[in-house]
Structure formats: C-alpha cells, structure tokens
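Below is one structure; the comments refer to it alone.
Number of protein chains: 2
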Amino acid sequence: MNNDYAGNRPAASQEAAQAVLPQRLADSVHARVKSDLFEFRLMPGERFSENDIAARLGVSRTPVREALHRLAQEGYLDVANRSGWTVRGFDFEHFENLYDLRVVLETAAVKRLCEQVPMHALEELREAWLVPQEARLDDPALAGALDERFHATLVQASGNTEMARVHHDVTERIRIIRRLDFTSPERIHATYAEHGQILRALLRRKADAANLMLRSHIETSRAEVRKITLHRLHSLRLHASNRA
Amino acid sequence: MNNDYAGNRPAASQEAAQAVLPQRLADSVHARVKSDLFEFRLMPGERFSENDIAARLGVSRTPVREALHRLAQEGYLDVANRSGWTVRGFDFEHFENLYDLRVVLETAAVKRLCEQVPMHALEELREAWLVPQEARLDDPALAGALDERFHATLVQASGNTEMARVHHDVTERIRIIRRLDFTSPERIHATYAEHGQILRALLRRKADAANLMLRSHIETSRAEVRKITLHRLHSLRLHASNRA
DNA sequence: GGATACAAGCTGGCATGCAAGATGCACGCA
DNA sequence: TGCGTGCATCTTGCATGCCAGCTTGTATCC
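Chains A and B, in that order, give the protein sequences.
For the first sequence, the working numbering gives the first residue as 36, with consecutive numbering after it.
For the second sequence, the working numbering gives the first residue as 36, with consecutive numbering after it.
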C-alpha cells in the first residue's frame, strides 16, 4: 500500500494546514479524520471501523488506530470493545460548559494582564482590531481565525502556559460549532466592535470593565451559537453528504 | 509471551488501584509506567526504549506504544523519532502554573457554588473535614487523597463538568509533587484547619471570604512544595534506585 | 592525540497476521 | 407472526516482521 501524500486534499482544519509533509502517518490520519469530523463527512452517531478509515486513506490500521485513540481521548470519538468506533454526538450542555470555562480562563488572564507592568503582545491585537472599517476582514473563515487568535493571545499574554494550553484545547474543541457564529456580516461587525471596546479598556488597565465586556461578549457568542445550531447543523448535514 | 497479571505488584497510583483486571493491556501498561514515574523508578531525564518496557512487563510493543504515546500526550514523556523515549524533567515553573490554574478554577467554582440555591455535595465535605481532632486522618497518603477529594469536590459541585475534568487533569499532573507536601503532621494539621475555615465560609455563602482563604491555602501549598522539593526529590531519587 | 568517517546495532513507525469477542442475520420453533 | 438460537462475518486488541534512520562505538587518518 502506498501513501500518496501528493494527492492529499487541501487541509481544511487550521491545524492541519501546516502539516504539508507530516513525518508521521498517524499525525496525518489524525488531521484528516478530524477534518472529516469538522466538515461533517463523519456525522455524530455514525459508526465506522478502523478498516474503513485505513482503506479510505490508503494506510494500514496501525497509524489509524493511534489517530483514532487520540481523537477518542480528545473527546471526539467513542470506541466500543470489539464493535467499532462511533462519532460522539453533540451535547450542547457540553459546549455551554466549555464556553463557561473560556470565560473563567480569559477573565483570569485579563486580571493578571492588567497587573503586569508591560502588557505584552497587545500591540499585535491593537493592529488587528483597532482598525478603520475598510481594513476589517469580512471572510467568515478568516474572521473566525482572527477571533480565535484574539482570545488566545489574551491568555497567552498573561504568561501562564498551562492556562494557555487548556484554553487552546477548549478553543479546538468548540471550533466545530463556534465558526457557525461567524457567517453573518453583522456578527463579524459586532465582534470587531466588542473586541475594540475590550481592548481599549485593557490598554487603560480597566480590568473590571474589560472583564464585564469580555464576559458578555463570550456569553453572547454562546447564546448565538446555541440559537443557530440546530437549524444550521441540519443544513450542514444535508450539504455534506457528498462524502466518498 | 505470557502476561502474568497475577504477579502484578500492588498498584501505587490511585488510578491504577481500581484496575484490578484491566481489559486492555495498554491500560495496564499505562498505569504501571505511570506508577513507575511517580515512584521514581523511571527518573526525569532517563531514556528507555519500547522494547525495554515490553520486555519488563512481558507484553509486545503494541500496547506499550499506545500507553507511551498516551503518557507523552499527558505530558510525562517525550518521544524522539527513532532514538527512544525520555522522561520529561521537572519544570518547576510548570508546576507553579498548574497551581495557579487550580486557583483560577477553584475560586471560580466557589463563586458559582455560593450562587446556587442548594449547595450540592457539601455535606460530604463537612463530614470529612469539620470533625473533632481525634477523628482526623494522620496517614500522609490518606490525608493527601482526602485533600485532593476536597478540592475536586468543590469544582464538581459547581456543576461544570468540563471545569471538573480539567481540574482532575491538573490534580493528576501535580500529584507527583503535591504529595510531598503531606508528609509532616503539622502540614496535615494546617490543612484541616484551613479546609475547615474555607468550608465554614462556604456554608455561610461568603464567597469572597472563602476565596481569599482558598487562594492563600493553595498558594501556601505551592510555596511549601517548592521549598521542600529539591531536597526531597534528591532523597527520593537515592531511595528509589532499587529498580529491577 | 584528536578528529573524522564508517559500520553495526538499536529504535520507533508502519504493515500484517492471528485470535477472541461482538454483531447481526437467517433459520427454526412456538 | 413473534421470539430465541446458532452460525458467519466483522471488529478491535495484541503479537510480530520489516524498514529507514539515528546513535554510538571503533578504526583509521592526519
């Protein structure tokens, strides 16, 4: 069996993007299956076997097994003893909890950030978010990525690498549903406005004010996501049925 | 090759304790190697190969590989492409960050807990910690486990399962160093006193007061651990050299 | 004596073979 | 028709064989 990476389709997930030539097949499989999950080519509740994936990707079961076990540990899949793999279903309470965790992590980060003497890495945010109307991104995918970057930078700048790591994991976990929040232009517009406000408060070291807005900002996202999810998810499922 | 689980040594790690008859060899290997790490039979910086572990545990490389990769993902090991595995060294800043993350998670949990109408699961804590002097545990291992349970219960009671999961991971990660804090009777005594104070404030819904004490309590632990670590670690290393 | 080139032995990544157990379907019986 | 049972098939877990590449020890050369 040959592993034709030349014919690898353009990676959809942001993480997979840099894996142009992955050293390990398992990593490549991990990225591709994850992308399948995110693009609803593998749908919640769907069952499949290691051989399915191995045959489809043209590799043996070994790297597939490693990738699937990793995805299971990350919360995307379930494995039943000798009866195949299952795509874990959406649990909206689960996502709500993750959004709440985001609030906790990010507000804590802001608090620390405002106590630091030099506030690192905020210049980058200022350049991205405090820009005139015409310089703003309008592509949903790009805006979504920039939004992720805004929040991740807040936590990273606070200096606690463990908090940043956990925040990264949370971001990764909710991306599948979060991006649905970035399809309408007015939501992107609102994001620019809210990020701008938060950033201005931050630059003036008004931690409490920044956190009030940050909390409200994230909770708006959470509510928005919950509102559009069921409807949007359904249409996405219909759309994604052109799976090989 | 036979897998002689009958001759399994008594599991040291708390997690391994319930794995009396693990269905999966990989789980068993995971638990045993983790216990080796915690007991310093595998020491920071030490290098080893999959064959070493496989031969020592009497299994093939396959479950060993799975277990090691999991331990690597959990942050205990590093793998170099074709040159073996390495026990990740102690990074005290890393542990400090984890303690800070604990503060963030637990104080957030207390805040929520105090806003809840019925405060779940505090009865259990009251029974364990608000007890007369003579009913207190004095065995370091038991006291350590009870301490872990106190803090975990706080977060679980707040109702956010994701926060509880992250907190559990953090607890797991710092246990190797945290338990060094529970060897002296006065530290156990102090823990009882501080937990009692926190709990009493909690039962009166004084979130700010409880959090002030909780923060100080955790930060004391962190400082204490840092103080005794280098010395204690050294003696433990010497002690643990009776490895097979 | 020191540096370098080389070769042999390990090491992890992957493919594959095998076995035990779960699933599901067909068939037989009530 | 409904239900239980047995067998064929499929599934994962584990063992093993092979391979490319890294490490290391050694011999050779300057």
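Glycine included, C-beta positions come from ideal geometry on N, C-alpha and C.
Just so you know, these numbers come straight off a predicted model, no measurement behind them.
Where the alpha helix (DSSP H) through A:L136 begins and ends: 127-150
Cutoff 8 Å: B:M248 Cβ touching any chain A Cβ: no
Contact with chain B by A:R123, beta-carbon distance below 8 Å: no
Given B:S95 as reference, the closest of B:L60, B:K262, B:L234, B:R200 once Cα atoms are compared: B:L60
Within chain B, the residues that A:E101 reaches when beta carbons sit closer than 9 Å: R100, E101, H104
Classification of A:R117 by the beta-carbon crowding that lies within 10 angstroms, buried from 16 upward: exposed
Cβ-Cβ separation, B:P79 to B:F125 (assumed contact under 8 Å), whole Å: 6 Å
Distance between B:R184 and B:Q151 (C-alpha atoms, nearest Å): B:Q151 and B:R184 have their alpha carbons spaced roughly 21 Å apart.
CA-to-CA distance, B:A90 to A:E85, given in whole angstroms: 28 Å
Backbone secondary structure at B:F217 - three-state DSSP: helix
Chain-order list of residues whose beta-carbon lies under 6 Å from that of A:G179 (same chain, five-residue window excluded): R214, F217
Residues that A:F83 bridges to, as DSSP identifies them: A:W120
Cβ of A:H129 within 8 Å of any chain B Cβ: yes
The beta strand (DSSP E) enclosing A:L112, as first and last residue numbers: 112-114
Closest residue to B:P220 among B:L172, B:A115, B:L234 (Cα-Cα distance): Of B:L172, B:A115, B:L234, the residue nearest in Cα terms is B:L172.
Positions along the stretch 183-203 of chain A whose CB lies within less than 8 Å of some CB in chain B: N195, T196, E197, M198, V201
Whole-angstrom distance between B:V114 and A:L103, CA atom to CA atom: A direct Cα-to-Cα measurement between A:L103 and B:V114 gives close to 19 Å.
Collapsed DSSP secondary structure at A:N195 in the structure displayed: coil
Neighbourhood of A:L56 by C-beta, 6 Å cutoff - its chain only, sequence neighbours within 5 removed: Any reading at A:L56 must be qualified, since the residue scores a pLDDT of 45, below 50, and its modelled position is unreliable; no value is offered.
Beta-carbon neighbours of B:L136, restricted to chain A and to distances below 8 Å: Those within 8 Å of B:L136 in chain A are N195, E197, M198, V201.
Contact set between the stretch 140-163 of chain B and chain A, restricted to residues whose Cβ is under 8 Å from the partner: L140, A143
Delimiting residues of the alpha helix (DSSP H) encompassing B:F73: 60-73
Minimum Cβ-Cβ distance from B:N86 to chain A less than 8 Å: no
Own chain, CB closer than 6 Å to A:P175, minus 5 neighbours either side, in chain order: Same-chain partners within the cutoff: F217, T218.
Residue-chain proximity (A:L133, chain B), Cβ-Cβ < 8 Å: yes
Below-8 Å beta-carbon distance, B:E50 vs any chain A residue: Caution is warranted here: a pLDDT of 36 is assigned to B:E50, below 50, making its placement in the model unreliable, and the coordinate value is therefore given only provisionally. No, because no Cβ of chain A sits closer than 8 Å to the Cβ of B:E50.
Minimum Cβ-Cβ distance from A:Q58 to chain B less than 8 Å: yes
Cutoff 8 Å; reference B:L140; Cβ partners in own chain excluding five residues on either side: Excluding positions up to five away in sequence, the list reads V190, M198, V201, H202, V205.
Reference A:R235; option with closest CA among A:R257, A:S251, A:R100, A:R161: A:R161
Minimum Cβ-Cβ distance from A:Q108 to chain B less than 8 Å: Look at A:Q108: its C-beta is under 8 Å from a C-beta on chain B.
8 Å Cβ cutoff met for A:L136 and B:N132: no
Own chain, CB closer than 6 Å to B:F83, minus 5 neighbours either side, in chain order: W120
Cβ of A:E259 within 8 Å of any chain B Cβ: no
Beta-carbon spacing of B:L237, B:A228 below 8 Å: It is not a contact, given that the beta carbons lie outside the stated cut-off.
Cutoff 7 Å; reference B:R105; Cβ partners in own chain excluding five residues on either side: H65
CB contact flag (B:L249, B:T97, <8 Å): no
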